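S.K.: Numbering (the numbering used here), first residue to last: 2 to 136.
For glycine and all other residues, C-beta sits at the position ideal for the given N, C-alpha and C.
Note that this is a predicted model, so its numbers are computed, not measured.
Encoded as structure tokens, here's the structure I'll be asking about.
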Amino acid sequence: MAATDAAPTPRARPLSPHLSVWRPTMTYVMSIVHRITGGALYIGVLLLAWFLLATSMDATAFGVASACLNSILGRLVLLGFTWALFHHMLGGIRHIIWDAGYGMDKPQREWLAMGTLIGGFVLTIIVWAIGLAVY
């Protein structure tokens, strides 16, 4: 084999836009958060099922579940579950609006994404304020 028959050097391949060039939008971030809250709702539903099963059992099981959910950590988890529920619901409504063909232009997309974020927090605060007032 002659020295000129060496393997060709690889050509420089075009690079895709890198993360340092590309900037995430509010719509993109809310889409990721929508997926995360969907996963978190699985855990929240398991907690709800545990609590409901404990209410149907004896007083000891209910006492354990109630003490766990009434602790500071339990209330933080319930607060997060409430926010995830509302955020995921509003994200679903945003997708229904898009499926109907509305809100696809740039300013409307960003407003809907921001409304999803703010609306989730506002609805969570309202529900918790009502719950604490009744409690």
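Between the segment 79-99 and the segment 122-131, do three or more beta carbon pairs fall short of 8 Å?
M.R.: Yes, since at least three Cβ pairs between the segment 79-99 and the segment 122-131 fall closer than 8 Å, the two stretches touch.
S.K.: For the alpha helix (DSSP H) that contains residue 59, what are its first and last residues?
M.R.: Careful: residue 59 lies outside any alpha helix (DSSP H) and carries neither H nor E.
S.K.: Between the C-alpha atoms of residue 84 and residue 22, what's the straight-line distance to the nearest angstrom?
M.R.: Between residue 84 and residue 22, the C-alpha separation is close to 32 Å.
S.K.: For residue 106, which three-state DSSP category applies?
M.R.: Looking at residue 106 - three-state DSSP - the assignment turns out to be coil, as it is neither helix nor strand.
S.K.: Helix, strand or coil for residue 36? Go by DSSP, reduced to three states.
M.R.: Here residue 36 sits in helix by DSSP.
S.K.: Since I believe residue 129 is in contact with residue 80 (beta carbons under 8 Å), could you give me their beta-carbon distance rounded to a whole number of angstroms?
M.R.: Confirmed, Cβ separation roughly 7 Å.
S.K.: Inspect the CB distances between the segment 52-65 and the segment 92-104 and report whether three or more fall short of 8 Å.
M.R.: Counting Cβ pairs under 8 Å, fewer than three are found: no touch.
S.K.: How should residue 114 be labelled, buried or exposed, when 16 other C-beta atoms within 10 angstroms of its C-beta is the threshold for buried?
M.R.: Classification of residue 114: buried, given that the 10 Å Cβ count is 16 or more.
S.K.: Given 8 Å as the limit, is there contact between the segment 101-114 and the segment 24-38, that is, 3 or more CB pairs closer than that?
M.R.: At 8 Å Cβ cutoff, the stretches touch.
S.K.: Which residue wins for smallest C-alpha separation from residue 108, given the options 76, 101, 26, 37?
M.R.: Of the candidates 76, 101, 26, 37, the one whose C-alpha sits nearest the C-alpha of residue 108 is 26.
S.K.: Alpha carbon to alpha carbon, how far is residue 104 from residue 98? Give it in angstroms, no decimals.
M.R.: Distance between the alpha carbons of residue 98 and residue 104 is about 7 Å.
S.K.: Going by the CB atoms, is the gap between residue 52 and residue 62 shorter than 7 Å?
M.R.: Not in contact: residue 62 and residue 52 (Cβ atoms no closer than 7 Å).
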